[in-house]
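Read through the structure below, which is laid out as structure tokens, and then see the notes.
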Ligand code: HEM
Ligand SMILES: Nc1ncnc2c1ncn2[C@@H]1O[C@H](COP(=O)(O)OP(=O)(O)OP(=O)(O)O)[C@@H](O)[C@H]1O
Ligand SMILES: Nc1ncnc2c1ncn2[C@@H]1O[C@H](COP(=O)(O)OP(=O)(O)OP(=O)(O)O)[C@@H](O)[C@H]1O
Ligand SMILES: [Mg+2]
Ligand SMILES: [Mg+2]
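Chains as they are written, first to last, in our numbering: chain L, 2 to 206; chain G, 2 to 206; chain V, 76 to 297; chain Y, 76 to 297; chain X, 8 to 255.
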């Protein structure tokens with residue numbers, strides 16, 4: 002259960018947004034929308050604690066995320082604009098390393114890669130992958146993660162329509178299993194699960 | 002007028018596509034489609050001469066592009082996945098430098114920036130721009146370029162709907178002025194000008 | 076917990092091992108740097124012998140700085156650094172592990188190679204021993220301190236030079252301790268003082284630098 | 076045409092000038108590198124005087140290598156390198172201009188600072204003159220040669236060390252020429268030979284390196 | 008450390024009042040600096056007697072020593088301000104630290120320069136790697152590093168935090184450097200010359216030194232306040248721009 006209270010962010014004394022409040026309960030999703038530069042990425046980074054907010058509080062299961070950071074982080078999965086792949090490692094190794102702490106087994110990993118359509122190139126260095134394939138690789142993490150809260154920044158970028166469908170189903174399933182989802186995207190989403198819209202364009206003072 | 006004859010590309014002796022032929026005459030566009038990893042980017046890079054083809058010829062106005070490289074390059078504008086901005090330079094400087102050789106005047110540059118909605122941040126270092134704003138900045142070059150042939154790799158990435166509309170109109174205008182256009186995108190396009198589709202997915206061996 | 080850290084360690088090792096050329100690179104740079112002294116300065120054996128400790132230490136210092144350049148920068152560029160900051164493990168531990176791994180990859184080879192260098196400069200066994208020991212105790216300090224500078228400058232386009240500029244004042248005492256220890260042996264003076272000081276420096280930096288690095292990273296990532 | 080090149084030159088200058096601190100850091104690094112020698116090796120004026128030419132030259136070489144690291148890598152990462160390869164101007168000219176700009180920014184300051192360093196090491200006026208001249212003629216060669224290595228390694232993520240490895244064989248002669256010229260003056264020997272050789276090296280690298288760099292870049296970009 | 012940063016909602020108010028205060032102080036201290044230095048130079052270069060062993064060259068001391076002292080004091084000051092701005096997020100402290108750095112670097116440089124000029128007649132060499140000289144040189148590097156880092160980071164908030172952090176680390180390091188260098192100098196039996204060749208002080212000399220030191224202080228205060236004013240103005244401009252663009 003994530004709750005955001007009157008969050009505000011400023012850059013170089015310029016107020017990006019202010020008074021952003023929202024609560025997200027299990028099985029719900031939040032679609033952050035807004036014009037380019039309205040502060041979507043910033044908001045997501047603040048939620049993850051990568052950027053400092055100017056004011057406001059964020060609490061996870063009723064506990065402030067700054068004071069109970071580790072508990073929060075163990076429930077969190079963040080995928081940003083950059084898709085955290087080591088270009089010199091093969092897809093398989095990339096996945097194993099990022100998922101290292103969960104200790105996923107060989108089959109599970111290869112299965113995940115096959116699911117995102119990288120089965121054939123599991124042992125190709127990531128630098129050779131096309132944009133979309135890179136994106137697919139970082140999305141493969143979603144398959145393995147046990148995190149309750151997924152924070153995705155424009156996940157659909159560079160994906161072809163099949164991959165997009167696949168991702169949609171995955172997110173749907175995550176929410177059906179009482180997972181929480183926060184994502185930004187300029188596309189319009191079609192989920193059957195409850196997804197609230199948070200429009201930063203409006204806040205943009 | 003661009004003509005591609007039985008082009009084929011291979012990576013690590015893996016055939017990406019082969020026998021790709023197409024001719025593009027003034028005022029026409031070409032929409033390269035295909036699954037992730039089908040070789041769209043590779044094709045575009047081959048056309049620009051950044052990557053070597055396995056076989057086949059490309060000719061511009063009847064002259065082979067390899068032998069008459071400089072003539073071809075002076076007619077060419079390529080915008081790839083990376084949007085060639087120097088993060089430590091301001092938007093204005095970035096635009097001036099990339100357009101340096103055309104010697105565009107102050108007003109023209111600021112006008113262009115205003116057009117892409119970066120007027121207010123013309124003097125902000127590019128590293129502070131959001132993804133979409135970075136993309137807008139690199140798109141601003143289209144406004145200033147005199148090139149006849151535009152080669153754009155997924156230009157819509159990270160743009161919000163307003164920017165997308167703006168870009169659509171721009172491309173439309175370019176083609177109406179007898180410009181040639183080659184672009185890849187996973188969205189479906191709606192141009193009134195004649196746009197042929199080149200599906201690499203089919204070639205995907 | 077400790078298992079997780081071990082996995083993390085392996086991750087870094089795997090990463091490095093994957094670009095074996097890195098180890099080669101650092102080693103090569105070290106060799107080159109050392110080789111430059113006889114080539115550039117003098118070939119007079121006596122003078123070389125006197126220069127040896129300083130020369131080798133300076134070379135080691137440069138290679139450390141060079142390797143530091145890549146400690147965080149790539150991870151920042153490809154987004155893995157963010158992911159690490161978001162790992163549920165205590166960040167200081169994570170960083171400590173990474174630094175240890177970094178040292179094992181980039182500095183240990185130098186330490187192991189230094190005796191050969193010593194021979195080249197005509198040091199005798201005892202001096203070589205001391206040289207290697209000082210490097211063994213000194214290079215970790217260089218890495219630990221250097222990480223602070225690297226974290227402060229990560230993502231800046233002008234890392235290389237700036238880092239060195241930031242770090243030299245921090246490095247001078249170590250450099251002095253290390254090289255003067257060997258010179259002391261040459262003059263048959265006791266070196267216990269040097270080693271105890273080096274040990275203190277090592278312990279201190281081991282204890283403090285992870286926190287410093289974590290803070291610096293938070294600042295620069297913000 | 077020449078106007079376009081001039082603009083290009085200004086572009087690079089602007090780019091660098093925009094991070095004035097780059098010049099500062101290169102200078103800082105050079106100062107630091109030079110300062111390391113007395114700190115690490117000895118403070119005995121006589122010995123220092125003998126080391127001076129080599130020490131200063133080695134320091135200059137290091138700073139050049141360090142700066143080279145960033146010659147192409149950034150442009151590759153942010154995609155501007157592709158754009159340059161696609162500029163209608165002859166690529167070799169474009170590259171030559173870039174290299175000149177790079178030298179002006181990263182090496183010229185060093186050359187201008189070297190006399191002060193000379194004083195620090197207690198060289199006398201004539202020796203300082205020769206030192207500065209050799210650096211003035213030598214550093215461009217270092218940059219021109221270094222660019223080849225930089226272009227070859229820009230793709231792989233390896234740090235400047237690999238460049239150094241590739242280039243050492245090319246660098247060593249220049250280093251020896253430069254430093255030995257000064258030593259020659261110290262012994263009141265003629266230095267015309269040194270200078271004519273340096274000049275030859277400069278002319279040759281000016282003529283050839285742009286083509287080599289262009290080819291290397293094409294290979295790495297493909 | 009917690010991520011939360013309170014909005015210093017008084018920042019403009021406080022900085023404006025500070026700006027007004029500075030506006031009043033700057034001229035006063037500037038004048039003081041000029042008068043004091045005139046007096047100091049007069050006593051130092053005219054009243055003070057010729058030194059029996061060094062002749063007139065020793066008079067450089069009246070510039071050299073105050074400069075050297077200032078270069079150290081200012082670094083301590085810088086570190087103190089940095090700590091304040093780091094811990095309590097006081098924008099003014101950061102501004103002051105930022106404005107002090109160049110002056111400190113300047114003094115360090117002057118100390119080195121005058122020292123070198125002094126060394127020529129005294130030691131027959133412009134430079135010897137004496138402990139004190141070396142540590143002064145390193146101090147200059149510390150300043151350069153601070154300024155370099157500050158200017159290297161384009162985002163101002165991050166720049167101030169990072170540079171302040173560096174300053175704190177540096178100040179911890181200063182004594183270590185100083186002693187290690189002294190120790191080194193005694194170990195390497197290189198140049199045995201140290202600064203003890205200083206002339207025995209007469210009353211006039213002491214007075215001159217004192218006056219010059221005070222002059223330097225006044226100068227430092229005046230200049231750094233002026234710089235601070237400039238910084239505040241610039242940031243105001245930025246804030247104005249920001250608010251403008253927030254309008255749309
Ligand atoms: C580049 C050369 C030099 C540098 C960097 C330098 C640095 C310093 C520094 C940092 C101080 C302040 C030390 C303190 O107050 O604790 C100082 C003081 C002093 N220096 Fe120098 N110095 C240099 C050359 C000289 C020379 C050549 C002389 C004359 C022989 C000299 C004579 C003095 C004297 C008399 C003092 C004041 C003594 C005291 O306050 O303890 N210095 N110098
Ligand atoms: N240091 C800074 N100074 C001024 N403005 C800044 C600074 N850093 C970021 N910004 C502004 O803050 C905003 C950052 O927005 P953010 O990246 O969150 O946008 P976004 O909503 O993710 O946009 P996009 O849809 O393009 O991803 C941008 O408008 C940018 O101009
Ligand atoms: N060195 C290599 N070895 C093997 N395969 C390679 C190599 N380099 C590239 N490839 C393959 O070639 C293809 C490159 O495709 P390209 O980048 O053109 O895809 P794309 O059509 O642009 O995809 P996207 O829609 O994701 O951008 C990928 O399938 C990649 O796996
Ligand atoms: Mg964004
Ligand atoms: Mg592509």
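Ideal Cβ positions, reconstructed from N, Cα and C, are used throughout, including at glycine. Values in this document were obtained by computation on a predicted structure and should not be read as measured data.
**Message:** Whole angstroms are fine: how far does the CA of residue 138 of chain X sit from the CA of residue 196 of chain X?
**Reply:** Against the fifth chain, residue 196 of chain X aligns to sequence position 189. Against the fifth chain, residue 138 of chain X aligns to sequence position 131. With a pLDDT of only 46 at residue 196 of chain X, under 50, the local geometry of the prediction cannot be trusted, and no value is derived from it.
**Prompt:** Who are the near neighbours of residue 76 of chain X in its chain, counting only those whose CB is closer than 8 Å to its CB and skipping five residues on each side?
**Reply:** Against the fifth chain, residue 76 of chain X aligns to sequence position 69. Result list for residue 76 of chain X: 220, 223, in chain order.
**Asked** Can you find at least 3 beta carbon pairs, one from the segment 168 to 175 of chain G and one from the segment 136 to 153 of chain L, that sit closer than 8 Å?
**Response** no
**Asked** chain G beta carbons: is any one of them nearer than 8 Å to that of residue 187 of chain L?
**Response** Translated into the one-based positions of the first chain, residue 187 of chain L becomes position 186. Yes, because at least one Cβ of chain G sits closer than 8 Å to the Cβ of residue 187 of chain L.
**Item:** Reference residue 308 of chain V; option with closest CA among L:8, L:78, L:125
**Value:** One cannot answer for residue 308 of chain V here, as it falls past the ends of chain V, which runs 76 to 297.
**Message:** If we define contact as Cβ-Cβ less than 8 Å, is residue 235 of chain Y a contact residue for chain V?
**Reply:** Locating residue 235 of chain Y in the fourth chain gives position 160, where the first residue counts as 1. Summary for residue 235 of chain Y: the model assigns pLDDT 48, below 50, so the residue's position carries little reliability, and this model does not support an answer.
**Request:** Could you name the residues of the segment 27 to 49 of chain L whose beta carbon sits closer than 9 Å to any beta carbon of chain G, in the order they occur along the chain?
**Result:** 34, 35, 36, 37, 38, 39, 40, 41, 42, 43
**chain L contacts made by the segment 154 to 183 of chain V, where a contact means CB separation under 8 Å** = 154, 155, 157, 158, 160, 161, 162, 163, 164, 165
**Asked** Leaving out five residues before and five after residue 123 of chain G in sequence, what residues of the same chain have Cβ atoms less than 7 Å from its Cβ?
**Response** For the purposes of this step, residue 123 of chain G is taken as the residue at position 122 of the second chain. Only 91, 92, 93, 111, 114 meet the Cβ criterion.
**Item:** Test item: CB-CB of residue 9 of chain G and residue 19 of chain G under 8 Å
**Value:** For the purposes of this step, residue 9 of chain G is taken as the residue at position 8 of the second chain. For the purposes of this step, residue 19 of chain G is taken as the residue at position 18 of the second chain. Contact flag set, yes.
**Request:** To the nearest angstrom, report how far apart residue 226 of chain V and residue 288 of chain V are at their CA atoms.
**Result:** Here residue 226 of chain V refers to the residue found at position 151 when the third chain is read from its first residue. Here residue 288 of chain V refers to the residue found at position 213 when the third chain is read from its first residue. Whole-angstrom Cα-Cα distance: 6 Å.
**Request:** Please list, following the chain, all residues that have a C-beta closer than 5 Å to any non-hydrogen atom of ligand 3.
**Result:** L:129, L:131, L:132, L:133, G:12, G:13, G:37, G:38, G:39, G:40, G:41, G:42, G:43
**Message:** Helix, strand or coil, according to DSSP, for residue 18 of chain L in the structure here?
**Reply:** As a first step, residue 18 of chain L is located in the first chain; it is residue number 17 there, counting from the start. Strand.
**Message:** Could you check whether the Cβ of residue 137 of chain G sits closer than 8 Å to any Cβ belonging to chain X?
**Reply:** Reading the second chain from its first residue, position 136 is the one you call residue 137 of chain G. Not closer than 8 Å to any Cβ of chain X, the Cβ of residue 137 of chain G fails to qualify, so no.
**Asked** So does residue 157 of chain V have its beta carbon nearer than 7 Å to some heavy atom of ligand 4?
**Response** Numbered from 1 along the third chain, position 82 holds the residue referred to as residue 157 of chain V. Flag unset: Cβ of residue 157 of chain V not near ligand 4.
**Request:** Inspect the CB distances between the segment 109 to 125 of chain Y and the segment 122 to 142 of chain X and report whether three or more fall short of 8 Å.
**Result:** yes
**Request:** Take every Cβ of the segment 260 to 272 of chain Y, pair it with every Cβ of the segment 151 to 159 of chain Y, and state whether three or more of those distances are shorter than 8 Å.
**Result:** no
**Request:** Identify every run of the alpha helix (DSSP H) within the segment 125 to 183 of chain Y, keeping only runs that are complete inside it and at least 4 residues long; order them along the chain.
**Result:** 155 to 160, 166 to 181
**Asked** Does the distance from the CB of residue 172 of chain Y to the CB of residue 83 of chain Y come in under 8 Å?
**Response** Looking up residue 172 of chain Y in the fourth chain gives position 97. Looking up residue 83 of chain Y in the fourth chain gives position 8. Yes.
**Prompt:** How about residue 115 of chain G: is its C-beta nearer than 8 Å to some C-beta of chain X?
**Reply:** Walking along the second chain from the start, residue 115 of chain G turns up at place 114. So no, residue 115 of chain G is outside the interface.
**Prompt:** Taking any Cβ of chain G, which residues in the segment 212 to 227 of chain Y have a Cβ under 9 Å from it, in chain order?
**Reply:** none
**Asked** Would you say the segment 122 to 134 of chain Y touches the segment 261 to 269 of chain V, given that touching needs at least three Cβ pairs under 8 Å?
**Response** no
**Asked** Is it the case that the Cβ atoms of residue 75 of chain L and residue 163 of chain V are separated by a distance below 8 Å?
**Response** Here residue 75 of chain L refers to the residue found at position 74 when the first chain is read from its first residue. Here residue 163 of chain V refers to the residue found at position 88 when the third chain is read from its first residue. Their beta carbons are under 8 Å apart, which means residue 75 of chain L touches residue 163 of chain V by this criterion.
**Asked** Exposed or buried, which one is residue 179 of chain L when buried takes at least 16 other CB atoms within 10 Å?
**Response** Here residue 179 of chain L refers to the residue found at position 178 when the first chain is read from its first residue. Residue 179 of chain L comes out exposed.
**Request:** Provide the residue span of the beta strand (DSSP E) that contains residue 31 of chain L, from first to last.
**Result:** The residue labelled residue 31 of chain L in the question sits at position 30 within the first chain. First-last of the beta strand (DSSP E) with residue 31 of chain L: 30 to 34.
**Item:** Reduced DSSP secondary structure (H/G/I, E/B, other) of residue 65 of chain G
**Value:** Walking along the second chain from the start, residue 65 of chain G turns up at place 64. Judged by DSSP in its simplified three-state form, residue 65 of chain G adopts strand.
**Message:** Looking at the secondary structure, which residues open and close the alpha helix (DSSP H) in which residue 111 of chain G lies?
**Reply:** Your numbering for residue 111 of chain G matches position 110 in the second chain. 107 to 116 is the span of the alpha helix (DSSP H), which, as asked, contains residue 111 of chain G.
**Request:** Provide the residue span of the beta strand (DSSP E) that contains residue 6 of chain G, from first to last.
**Result:** By one-based count along the second chain, residue 6 of chain G stands at place 5. Run containing residue 6 of chain G: 3 to 12, per the beta strand (DSSP E) assignment.
**Sequence-distant residues of the same chain with beta carbon closer than 6 Å to residue 22 of chain X, five excluded per side** = Counted from its first residue, the fifth chain places residue 22 of chain X at position 15. Counting only Cβ-Cβ distances below 6 Å, and skipping sequence neighbours, we find 239.
**Prompt:** So, residue 92 of chain X versus residue 100 of chain X, is the Cβ gap smaller than 8 Å?
**Reply:** For the purposes of this step, residue 92 of chain X is taken as residue 85 along the fifth chain, with counting starting at 1. For the purposes of this step, residue 100 of chain X is taken as residue 93 along the fifth chain, with counting starting at 1. For residue 92 of chain X and residue 100 of chain X, yes; Cβs fall inside 8 Å.
**Message:** Would you say the beta carbon of residue 185 of chain L is closer than 7 Å to some non-hydrogen atom of ligand 4?
**Reply:** Indexing the first chain from 1 puts residue 185 of chain L at position 184. For ligand 4, at least one heavy atom lies less than 7 Å from the Cβ of residue 185 of chain L.
**Request:** Please confirm whether residue 206 of chain Y and residue 102 of chain Y have their CB atoms less than 8 Å apart.
**Result:** Translated into positions along the fourth chain, residue 206 of chain Y becomes position 131. Translated into positions along the fourth chain, residue 102 of chain Y becomes position 27. Contact check for residue 206 of chain Y against residue 102 of chain Y fails: the beta carbons are separated by 8 Å or more.
**Among V:283, V:263, V:250, nearest to residue 113 of chain Y - alpha-carbon criterion** = Taking the first residue of the fourth chain as 1, we reach residue 113 of chain Y at position 38. Out of V:283, V:263, V:250, V:250 has the C-alpha closest to the C-alpha of residue 113 of chain Y.
**Asked** Is there at least one Cβ from chain X nearer than 8 Å to residue 126 of chain G's Cβ?
**Response** Residue mapping note: residue 126 of chain G aligns to position 125 of the second chain, counting from 1. Yes, contact with chain X.
**Prompt:** What residue does the alpha helix (DSSP H) around residue 60 of chain X start on, and which one ends it?
**Reply:** Along the fifth chain, read from residue 1 onward, the residue named residue 60 of chain X stands at position 53. Element bounds for residue 60 of chain X: n/a, residue is neither H nor E.
**Prompt:** For residue 23 of chain L, does the three-state DSSP call read helix, strand or coil?
**Reply:** One-based indexing of the first chain puts residue 23 of chain L at position 22. It is a strand residue.
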